[in-house]
Ligand SMILES: [Zn+2]
């Protein structure tokens, strides 16, 4: 196995650690904590799915821009498993912080910008980039069908 898995939260690491966070309401804090915990689950689903089909991959691959959650070097495919809360998926899972809404909106916007920059950098290096959304993994087969198509292409 090419796995180097480690426990980590799924939120984009760089600016979260860099600055103290403003207070949020107790309810929002609860949602955030629950989302951070839950966000490790979707990655596991993706990894199990690929592993069961014999694909070799690297986890949390720091040598590539954006540190893809799952990277398949042989196939030049980088998979980002996006938590719907931190990456503001249109499905609306998790809601919106109301306290310091502007701060959080700016942070969410930075997450999106950073992802776009990283995806562009990866493509420049000849990698294909695919995003798998947390909510779509309720149907793992369905969520992974486009990934399999890319792997077989
Ligand atoms: Zn979603």
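In our numbering, the protein residues as written are 39 to 191. Beta carbons: idealized from backbone N, C-alpha and C, even for Gly. As the structure is a computational prediction, the values presented were derived from the model and not from experiment.
- With a cut-off of 8 Å on Cβ pairs, the stretch 136-151 is not in contact with the stretch 88-104, counting fewer than three such pairs.
- Sixteen is the threshold: since fewer than 16 other Cβ atoms of the shown chains lie within 10 Å of the Cβ of residue 154, the residue is exposed.
- Non-local C-beta neighbours of residue 126 in its own chain, meaning closer than 6 Å and more than five positions away in sequence, comprise 146, ordered along the chain.
- In this structure residue 88 is in contact with residue 108, their Cβ atoms being roughly 7 Å apart against a cut-off of 8 Å.
- Relative to ligand 1, residue 172 has its C-beta within less than 7 Å of a heavy atom.
- Using a Cβ distance threshold of 8 Å, residue 184 and residue 168 count as a contacting pair.
- Residue pairing by DSSP places residue 166 opposite 115 in a beta bridge.
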